[in-house]
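Trainee:
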């Protein structure tokens, strides 16, 4: 039996690259390209976006976001002002000398709160002003984050009170060591009136599906919420560079066959200097995310939960990988099979390609001018009329089972994921700030943008594509309890299963193997390693009543919408 994520990366245990800083970033090699992606879009002000502060425009101009020093100060104060509206005592632990440490990936969610102004102050430092609780971040580059987080969670001396969690590994964190969870259930904290004002927290802002997908069944029949969401996104959206399409007279693609035709037309044209298409294609587990939407739309199934067999090598799955591999190998940029999150974004941001098959949440990362020239298309159907079945992701924050101060950690998680904080994370609010980490409270954010209280997201079609994409995500719906998520995130073995799938995908894109051979090998490996056995995936995780309705409103103080 394999641990839920341990086999997924092959990176050594936490601590091998630590340095003596309170807020530190490990893995310097990856950091360079990562920070390039995080910073590239922050150099251009957005017209008419002086932030949510009405007086700010007179100080730094109506067409600019504020300087970092001013923006961090204003947002720290605004978050505390918003927090004081909650009917709880934020100072209840002020005399306890509590210092919390959160394990965070290198991502706008962590950098927005931890980036310091000229006087050394970060947004998260304002939480200490509010509560007397000190919060430290240990930041690890995203490509190493999952392996190092699991090493920490499995350790007897786990250094973290909280972690940046994600949908794909969250089932493994819940299962932990043979059913002993590595993370705490947030539901009791939400229902503790001394810690939580449900009317202020407004759990109803979140899509119910988001909450359900981050919740997992215990052996006694109860359900645990493993983390508080801050960001949601769908995978497999299509960004088209409008000037390129106009130059070549290309119509917008309406299915996957037309998408490949457009990619080939761009790559083979002598009228533009771009390659056709880019997507995430490296062998890293999460690089399978965009192909996963194509895989599911073609009708592929990763596993058979009832018979506990790997089925990703069935004809529909193979068909999806043939097309995906051919497009990216023949009509993409050089070195196919190597593009991770950062290099995928860079290729489109730098003008190397005319199409990006990705998530619209890259809108805050890609160069602002390029994104202004972009149109986002909703997920595409197949050429034979199969409707989109869309993959998804949730960014969230959880509390470790080993934390000595879970109540204090919960206060911080509420503060950093409040309505006001999610608005901060969703929109660019100071110079150099690269948004992408929010949108979990999507309707609230959309309303704020429409009312002129926040900068709009650049990129035509973003809102429509986002809504259509999220509506096509299966799983986590009480009215369809037997409908499973797009990848096996309902199981503790999702990261291990999808690591094998990602490796197969990358080898096909790079031209090393055929789709059939690559997926045959992945399926065999999954079964030989007993990733689908009942000891690896207890029946409660895959039962067909997994998402049956429960009293959601009572649990979260919401009508459950």
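Residue numbers (our numbering): 401 to 961. Even for Gly, the Cβ is constructed at its ideal location relative to N, Cα and C.
Could you tell me the alpha carbon to alpha carbon distance between residue 525 and residue 484, rounded to whole angstroms?
Mentor: 16 Å
Trainee: Measure from the alpha carbon of residue 748 to the alpha carbon of each residue in 725, 726, 772 and 730, then state which is nearest.
Mentor: 772
Trainee: Measure from the alpha carbon of residue 825 to the alpha carbon of each residue in 840, 683 and 554, then state which is nearest.
Mentor: With distances taken between Cα atoms, residue 825 lies closest to 840.
Trainee: Whole angstroms are fine: how far does the CA of residue 845 sit from the CA of residue 466?
Mentor: 20 Å
Trainee: Within 10 Å of its beta-carbon, does residue 837 have 16 or more other beta-carbons around it, so buried, or fewer, so exposed?
Mentor: buried
Trainee: Would a C-beta distance cut-off of 9 Å place residue 561 and residue 804 closer than the cut-off?
Mentor: yes
Trainee: In this structure, does DSSP put residue 762 in helix, strand or coil?
Mentor: helix
Trainee: Have a look at residue 971 and residue 768 and give me their C-alpha separation to the nearest angstrom.
Mentor: It is not possible to answer for residue 971, since the shown part of the chain is limited to 401 through 961.
Trainee: I need the boundaries of the beta strand (DSSP E) containing residue 555, first residue and last residue.
Mentor: That residue, residue 555, is in no beta strand (DSSP E); it is neither H nor E in DSSP.
Trainee: Shortest alpha-carbon distance to residue 614 belongs to which of 595, 892, 577 and 830?
Mentor: 892
Trainee: Rank 486, 886 and 890 by C-alpha distance to the C-alpha of residue 689 and give the top, closest one.
Mentor: 886
Trainee: For the region 817–832 against the region 712–725, do three or more pairs of beta-carbon atoms, one drawn from each stretch, fall closer than 8 Å, so that the two count as touching?
Mentor: no
Trainee: Would you report the Cα separation of residue 900 and residue 546, rounded to the nearest angstrom?
Mentor: 16 Å
Trainee: What residue range is occupied by the uninterrupted alpha helix (DSSP H) comprising residue 813?
Mentor: Counting along the chain, the alpha helix (DSSP H) containing residue 813 begins and ends at 806–816.
Trainee: Considering only residues of the same chain and omitting the five flanking positions on each side of residue 539, which have a CB-CB separation below 6 Å?
Mentor: Cβ neighbours of residue 539 within its own chain (closer than 6 Å, five residues either side excluded): 425, 504, 506 and 510.
Trainee: Taking the alpha-carbon positions, what's the residue 883 to residue 497 distance?
Mentor: Distance between the alpha carbons of residue 883 and residue 497: 47 Å.
Trainee: Identify every residue that forms a DSSP beta bridge with residue 646.
Mentor: Residue 646 pairs with nothing; no bridge assigned.
Trainee: Using a Cβ-based criterion (distance less than 8 Å to any ligand heavy atom), does residue 568 qualify as near the ligand ATP?
Mentor: By its list of ligands, the structure shown contains no ligand whatsoever, and the ligand ATP lies outside what it can speak to.
Trainee: Got a sec, what are the start and stop residues for the alpha helix (DSSP H) residue 820 sits in?
Mentor: 819–826
Trainee: Which residue from 728, 628 and 936 puts its Cα closest to that of residue 894?
Mentor: Residue 894 has its Cα closest to that of 936, out of 728, 628 and 936.
Trainee: Could you check the C-alpha separation between residue 581 and residue 806 for me, to the nearest Å?
Mentor: 15 Å
Trainee: Helix, strand or coil for residue 771, going by three-state DSSP, please let me know.
Mentor: helix
Trainee: Report buried or exposed for residue 798, applying the criterion of at least 16 other Cβ atoms within 10 angstroms of its Cβ.
Mentor: buried
Trainee: Taking a contact to mean a Cβ-Cβ separation below 9 Å, would you say residue 641 touches residue 471 in this structure?
Mentor: no
Trainee: Would you mind giving the Cβ-Cβ distance between residue 577 and residue 593, rounded to the nearest angstrom? I have them listed as a contact below 8 Å.
Mentor: Not really, about 33 Å apart at Cβ, beyond 8 Å.
Trainee: Alpha carbon to alpha carbon, what distance is there between residue 551 and residue 469?
Mentor: 36 Å
Trainee: Please determine, among 918, 727 and 605, the residue with the shortest C-alpha to C-alpha distance to residue 683.
Mentor: 918
Trainee: Are the Cβ atoms of residue 877 and residue 705 separated by less than 9 Å?
Mentor: no
Trainee: Below 8 Å on the Cβ atoms is my contact criterion, and I expect residue 664 with residue 752 to pass it. Report the Cβ-Cβ distance as a whole number of Å.
Mentor: With 8 Å as the limit, residue 664 and residue 752 do not qualify as a contact, their Cβ atoms being about 16 Å apart.
Trainee: Terminal residues of the continuous alpha helix (DSSP H) containing residue 695?
Mentor: 689–697
Trainee: Given this structure, state the Cα-to-Cα distance separating residue 726 from residue 830, to the nearest angstrom.
Mentor: Across the structure, residue 726 and residue 830 are spaced so that their CA atoms are roughly 41 Å apart.
Trainee: With respect to the alpha helix (DSSP H) encompassing residue 718, which residues constitute its N-terminal and C-terminal limits?
Mentor: According to the DSSP assignment, residue 718 belongs to the alpha helix (DSSP H) that extends over 715–731.
Trainee: To the nearest angstrom, how far is the alpha carbon of residue 801 from that of residue 786?
Mentor: The straight-line gap from Cα to Cα measures roughly 43 Å.
Trainee: What three-state label does DSSP hand residue 494 in the structure shown?
Mentor: coil
Trainee: Out of 761, 743 and 523, which has the shortest C-alpha to C-alpha gap to residue 639?
Mentor: 761
Trainee: Residue 713 and residue 916: beta carbons closer than 9 Å?
Mentor: yes
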